[in-house]
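In my numbering, the protein residues as written are 83 to 339. Beta carbons: idealized from backbone N, C-alpha and C, even for Gly. Written below as structure tokens is the structure these notes are about.
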């Protein structure tokens, strides 16, 4: 029996988060899979250490980078595409997968992404406050829509050999695939960040794949909701100051016989 767990937004820059990670059982998850939906750390050494710890505890770790993971402000890289390649190489070094995983009838599919303002246009406040605008750097000619296309065009399609015959497909991304995953109770002052939460391209892609469950991160608003026959799950670990409303735990999302 193989269990599938999910978590996102570990933010290992914070000591309490690193301490939680280190105390994870070294034997309880040896037959299991972890879906790791981005935002581990913008520091490559911390990212590498996190990958190593999780790879030692789980049979398989699947990962997509979040926006924090592509910050270059503390790594001295030329741009965030170069950082993406460094992150991917680090994952490969530790046996962490960024490609589809297959186990019998189950396929788990990582989906790259970014935000393209399909959830709304950013205002002046957001452009001044959102750290990505300063901590990421992109080659000339790449606006956010082009960045989103760069990543989403690399996602698997339904005809991919790894997905052939799969009867149960779980997809995951860091970014939100639809804005109505945000609950109605979010105060209007916090809705200013909606433009940078994700892209509707991801929703189109996961539907084309035939996904029955989609795991995402980024918003730090944990949810478990079914919309139009797909179950969406966010299990963000979050910052220490968010402990009163984030799960700060692994979430068991599926069991495969």
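Under the DSSP assignment, residue 229 falls outside any beta strand (DSSP E), being part of the alpha helix (DSSP H) whose first and last residues are 226 to 234.
Contact between the segment 273 to 280 and the segment 319 to 328 is absent: fewer than three C-beta pairs spanning the two stretches fall below 8 Å. By the CB criterion at 9 Å, residue 288 and residue 296 fall inside the cutoff. With a beta-carbon spacing of about 18 Å, residue 90 and residue 237 fall beyond the 8 Å limit used to define contacts. Between the segment 174 to 181 and the segment 207 to 225 there are fewer than three C-beta pairs closer than 8 Å, too few to call the two in contact. Each residue's CA atom was taken as its position, placing residue 149 and residue 186 some 32 Å apart.
Between the segment 100 to 118 and the segment 136 to 148 there are three or more inter-stretch CB-CB distances shorter than 8 Å, so the stretches are counted as touching. In this structure the segment 246 to 261 touches the segment 192 to 207; the number of beta carbon pairs closer than 8 Å is three or more. If you draw a straight line from the Cα of residue 244 to the Cα of residue 161, it comes to about 31 Å.
For residue 145, there is no enclosing alpha helix (DSSP H); the enclosing beta strand (DSSP E) covers residues 142 to 145. Every alpha helix (DSSP H) of 4 residues or more that sits fully in the segment 119 to 163 is shown, in chain order, as 126 to 139.
Following the DSSP letters along the chain, one finds residue 252 inside the beta strand (DSSP E) bounded by residues 250 to 254. Here residue 83 is exposed. Its C-beta has fewer than 16 other C-beta atoms within 10 Å.
Rounded to whole angstroms, the gap between the alpha carbons of residue 171 and residue 129 is 11 Å. Taking 9 Å as the cut-off, the Cβ atoms of residue 327 and residue 99 do not count as close. Short of 8 Å from the beta carbon of residue 308, and not among the five residues preceding or following it, lie these beta carbons of its own chain, in chain order: 314. Look at residue 186 here: in three-state DSSP terms it is coil, with no helix or strand label. When secondary structure is reduced to three states using DSSP, residue 210 falls in the helix class. The beta-carbon separation of residue 122 and residue 151, rounded to 6 Å, stays under the 8 Å limit for a contact.
The straight-line gap separating the alpha-carbon atoms of residue 292 and residue 230 is approximately 21 Å. Secondary structure at residue 314: strand, using DSSP grouped into helix, strand and coil.
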